[in-house]
Amino acid sequence: MTKGKKYSDAELIAAIGMGDDLNSAIYFIYEQYSGTISSFIMANSGTPQDAEDIFQETVVTFIDLVKKEKFRGEAAVKTFLVAIARNMWLNELKKKERSGVREQVFEKSRDTSEIDVSHHIADREIKQQFREVLNKLGEPCRKILTLYYYENLSMKDMLSHLPYENEQVVRNKKYKCLQQLTGLFKQNPLFARLVDQNLR
Amino acid sequence: MLVNYLDRTLEESEMREIEELINTDMEVRNQWQFMQLAVQAVEYASLNDQVAAVKDQFRTIHPLEVISEPRKGVRVMMRNVYKVAACLLFLVIAAAGYKYISTSATQVYKESFIPYTLGTSRGSNAINEIEQAYRNKNWKQVLTAFDNATQKDNKALFLAGMANMQLQQYAAAGKLFQQVLVHNAQAGDDYFQDEAQYYLAMSYLANNQTKEALTILQQIRTNKNHLYNRQASQISSADLRILAFKSGK
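If you read the sequences in order, they're chains G and L. Using my numbering, you'd call the opening residue of the first sequence number 2 and step up by one each time. Using my numbering, you'd call the opening residue of the second sequence number 521 and step up by one each time.
1) Taking the C-alpha atoms as reference points, what is the distance between Ser40 (chain G) and Asn524 (chain L)?
2) Can you find a C-beta in chain G that's less than 8 Å from the C-beta of Asn648 (chain L)?
3) Whose C-beta lies closer than 8 Å to the C-beta of Ala16 (chain G) among residues of the same chain, with five residues either side of it excluded?
4) Using DSSP with H/G/I as helix, E/B as strand and the rest coil, what is Arg528 (chain L)?
5) Where does the unbroken alpha helix (DSSP H) through Thr735 (chain L) begin, and where does it stop?
6) So, helix, strand or coil for Arg579 (chain L), using DSSP?
7) Give the straight-line distance between the Cα atoms of Met535 (chain L) and Arg528 (chain L), rounded to the nearest whole angstrom.
8) Which residues in the same chain as Lys207 (chain G) place their Cβ atom closer than 7 Å to its Cβ, once the five residues preceding and following it in sequence are excluded?
9) Taking C-beta pairs closer than 8 Å, name the residues in chain G that Leu747 (chain L) reaches, listed in chain order.
10) Using the Cα positions of Lys657 (chain L) and Leu677 (chain L), report the straight-line distance between them to the nearest angstrom.
11) Compare the Cα-Cα distances from Ile538 (chain L) to each of L:Leu638, L:Leu522 and L:Ile740 and report the closest residue.
12) Name the chain L residues that come within less than 7 Å of Asn199 (chain G), Cβ to Cβ?
13) Alpha carbon to alpha carbon, how far is Lys575 (chain L) from Ser644 (chain L)? Give it in angstroms, no decimals.
14) On a CA-only basis, which of G:Tyr28, G:Ser35 and G:Gln188 is nearest Lys137 (chain G)? Give me that one, please.
15) Taking Leu182 (chain G) as the query, report the chain L residues whose CB atoms sit under 8 Å from its CB, ordered along the chain.
16) Assuming Gln706 (chain L) contacts Ile736 (chain L) (C-beta within less than 8 Å), just tell me the rounded distance between them.
17) Is the separation between the beta-carbon of Glu93 (chain G) and that of Ile55 (chain G) shorter than 8 Å?
18) Using the Cβ count rule (16 or more neighbours within 10 Å means buried), how would you classify Val702 (chain L)?
19) Suppose contacts are defined by Cβ-Cβ distances below 8 Å. Is Val196 (chain G) in contact with Gln553 (chain L) by that definition?
20) Here's a check: name, in chain order, each residue in its chain whose Cβ is nearer than 6 Å to the Cβ of Tyr690 (chain L), leaving out the five neighbours to either side.
21) Sort L:Ile634, L:Met546 and L:Ala764 by Cα distance to Leu720 (chain L) and report the nearest one.
22) Note down the Cα distance separating Leu135 (chain G) from Ile762 (chain L), rounded to an integer number of angstroms.
23) Over the uninterrupted alpha helix (DSSP H) stretch that includes Ser723 (chain L), give me the two end residues.
24) Under 9 Å between beta-carbons, which chain G residues line up against Leu774 (chain L)? List them in chain order, please.
25) Looking only at C-alpha atoms, which of L:Leu734, L:Leu687, L:Ala683 and L:Asp673 sits nearest to Asn704 (chain L)?
26) My output table needs one value for Gln699 (chain L): the three-state DSSP class, helix, strand or coil.
27) Which residues, in chain order, does the segment 132–166 of chain G contribute to contact with chain L at a C-beta distance below 7 Å?
28) Report the option in L:Phe666, L:Thr742 and L:Ala733 whose CA atom is closest to the CA atom of Ser632 (chain L).
29) Leu567 (chain L) and Val61 (chain G) - do their beta-carbons sit closer together than 8 Å?
30) Between Ser533 (chain L) and chain G, is there a C-beta pair that is closer than 8 Å?
If you want it as structure tokens, here you go:
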């Protein structure tokens, strides 16, 4: 159970940065901010499901930015989360091509004093393609790469989570899995185009 | 070697060699970028899965509620009505007089009040009792639980304030919202700050304290980051001007 722990803004950022008890931090974010931000999305043409999805993506983006030290508490966590959610929801509204008037009003409500987080927010299409490419990778490979690149476990620690004999087998397996995933990205037209544009 | 470079398991001199290769060799750079994308995808999907798992846990305790949406239809309709009324005001003196007479703080309150529906639950048992009563829309029970509570944080104060609003005890509601603002000012916090501020303005409107209400509403309307900026901005400017004129503000 991860509920119950309370954090100040600084403690929350530190907890996410250290990653020791990330579940508690995520739970706290849900407890503290999901109601407010969901209300905000729904007050701006969103359905409850929209609010749920946008908030989840907001939390993922927020944690990612904190982990990469792109947000270190320059603004209040609440303000920053609202800015992320607002930006994501605006992009979503644009895509859904809802009422032009409503969009304009929503967009006009932004001004230069607002935190600009747009450059931190990856396109939803990219995230969707991330998922699709990963789904083509087998579960064993996905697990190995997750243990190594997300959970930052050593080869030795990974052994206890995997049905392999020794560290060398895990190392070889991890190498092959990464090569396989890299190959899948090369075959994906969106990423091939992005990399190609980046190389030019 | 690129994988070892990615994993930072090379000697420093080897790291520099690979860096040089990435910078100079297009094919290596291409492979490097795809590899980075692969790792980014793993990190993104894993984090997304972890957040989703915690969210599911959270939702088993706090099911997703359908939060009352603002009465958009009514407001949009009223906005259109007021646009038309503005034209008639210009053209027809009688309509202008009617508009002037009919606009009141309580009327604006009725049009702009949005019931606050609780989305999450947190805090001590006493607070939970308040929340539970609030979820059940048992406003009197909210106030009883609030009176009995030993810990009265901003959320408890705010919910008690909202219960008073529902019971049309606007002065009592306003005092509770003010306490939230005072707590935050003392603690340098913003817990339920925006909510308390907006509903304090609502309580003033309902209580015919027009000047006080207008001062807060103008603050909210000019603060684009305020959570209720959109709601406050949707109150007709014509209404606010008439209210300001009537109150001598």
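Using N, Cα and C, we set each Cβ at its ideal position, and we do this for glycine too. What you are looking at is a predicted structure, and each value in this text was computed from that prediction instead of being measured.
This is what the structure gives:
1) Locating residue 40 (chain G) in the first sequence gives position 39, counting from the first residue. Locating residue 524 (chain L) in the second sequence gives position 4, counting from the first residue. Their Cα atoms are separated by approximately 47 Å.
2) Looking up residue 648 (chain L) in the second sequence gives position 128. No, no contact with chain G.
3) Within the first sequence, numbered from 1, the residue matching residue 16 (chain G) stands at position 15. Closer than 8 Å at Cβ, skipping near neighbours: Tyr8, Asp22, Leu23, Ser25 and Ala26.
4) As a first step, residue 528 (chain L) is located in the second sequence; it is residue number 8 there, counting from the start. Arg528 (chain L): coil per DSSP, three-state reduction.
5) Numbered from 1 along the second sequence, position 215 holds the residue referred to as residue 735 (chain L). It spans Thr730 to Thr742 - the alpha helix (DSSP H) in which Thr735 (chain L) sits, taken as one unbroken run.
6) For the purposes of this step, residue 579 (chain L) is identified with residue 59 of the second sequence, where counting begins at 1. Helix.
7) Counting from one through the second sequence, the residue named residue 535 (chain L) turns up at place 15. Counting from one through the second sequence, the residue named residue 528 (chain L) turns up at place 8. Their backbone Cα atoms lie some 8 Å apart in a straight line.
8) With chain G covering 2 to 201 only, the question about residue 207 (chain G) has no answer from this structure.
9) For the purposes of this step, residue 747 (chain L) is taken as the residue at position 227 of the second sequence. At a C-beta separation below 8 Å, Leu747 (chain L) has these neighbours in chain G: Thr37, Ser40, Phe41 and Val83.
10) Taking the first residue of the second sequence as position 1, residue 657 (chain L) is located at position 137. Taking the first residue of the second sequence as position 1, residue 677 (chain L) is located at position 157. Lys657 (chain L) and Leu677 (chain L): Cα-Cα distance of roughly 16 Å.
11) In the second sequence, counting from the first residue as 1, residue 538 (chain L) sits at position 18. Of the listed residues, the one whose Cα sits closest to Ile538 (chain L) is L:Leu522.
12) For the purposes of this step, residue 199 (chain G) is identified with residue 198 of the first sequence, where counting begins at 1. Per Cβ cutoff of 7 Å: Gln553.
13) Residue numbering aside, residue 644 (chain L) sits at position 124 when the second sequence is read from its first letter. Residue numbering aside, residue 575 (chain L) sits at position 55 when the second sequence is read from its first letter. The predicted model places Ser644 (chain L) with a pLDDT of 48, which falls under 50 and marks its position as unreliable; any figure quoted below should be read in that light. Approximately 21 Å, taken between the alpha carbons.
14) On the first sequence, position 136 is the one that residue 137 (chain G) refers to. Of the candidates G:Tyr28, G:Ser35 and G:Gln188, the one whose C-alpha sits nearest the C-alpha of Lys137 (chain G) is G:Gln188.
15) Numbered from its first residue, the first sequence carries residue 182 (chain G) at position 181. Per Cβ cutoff of 8 Å: Ala558, Ala561 and Val562.
16) The residue given as residue 706 (chain L) occupies position 186 in the second sequence. The residue given as residue 736 (chain L) occupies position 216 in the second sequence. Their Cβ separation, rounded to whole angstroms, is 19 Å, which puts Gln706 (chain L) and Ile736 (chain L) out of contact at 8 Å.
17) Locating residue 93 (chain G) in the first sequence gives position 92, where the first residue counts as 1. Locating residue 55 (chain G) in the first sequence gives position 54, where the first residue counts as 1. Yes.
18) As a working mapping, residue 702 (chain L) is identified with position 182 in the second sequence. Per the 10 Å Cβ criterion, exposed.
19) Within the first sequence, the letter at position 195 stands for residue 196 (chain G). Within the second sequence, the letter at position 33 stands for residue 553 (chain L). Yes, the pair counts as a contact, with Cβ atoms nearer than the cut-off.
20) Against the second sequence, residue 690 (chain L) aligns to sequence position 170. Beyond the five residues adjoining it in sequence on each side, Tyr690 (chain L) comes within less than 6 Å, by CB distance, of Ser723, Ala726 and Asn727 in the same chain, given in chain order.
21) Position 200 of the second sequence, counting from 1, holds the residue named residue 720 (chain L). Ranking L:Ile634, L:Met546 and L:Ala764 by CA distance to the CA of Leu720 (chain L) puts L:Ile634 first.
22) Counting from 1 along the first sequence, the entry for residue 135 (chain G) is found at position 134. Counting from 1 along the second sequence, the entry for residue 762 (chain L) is found at position 242. Taking the Cα positions, Leu135 (chain G) is about 60 Å away from Ile762 (chain L).
23) What you label residue 723 (chain L) is simply residue 203 of the second sequence in a count that begins at 1. Where Ser723 (chain L) is concerned, the enclosing alpha helix (DSSP H) stretches over Gln713 to Ala726.
24) Because chain L is modelled from 521 through 769, residue 774 (chain L) falls outside the range shown and cannot be assessed.
25) Stepping through the second sequence from its first residue, residue 704 (chain L) is reached at position 184. Measuring from the Cα of Asn704 (chain L), the nearest candidate turns out to be L:Asp673.
26) Translated into the one-based positions of the second sequence, residue 699 (chain L) becomes position 179. In this structure, Gln699 (chain L) counts as helix in the three-state DSSP scheme.
27) Against chain L - using a Cβ distance shorter than 7 Å - the residues of the segment 132–166 of chain G are Arg132, Val134, Leu135, Leu146, Thr147, Tyr150 and Tyr151.
28) As a first step, residue 632 (chain L) must be located in the second sequence, where it is residue number 112. Checked all of L:Phe666, L:Thr742 and L:Ala733; the closest Cα to Ser632 (chain L) is L:Ala733.
29) By one-based count along the first sequence, residue 61 (chain G) stands at place 60. By one-based count along the second sequence, residue 567 (chain L) stands at place 47. Yes; because the gap between Cβ atoms is below 8 Å, this pair is in contact.
30) On the second sequence, residue 533 (chain L) is found 13 positions in, with the first residue counted as 1. It does not; no Cβ of chain G falls within 8 Å.
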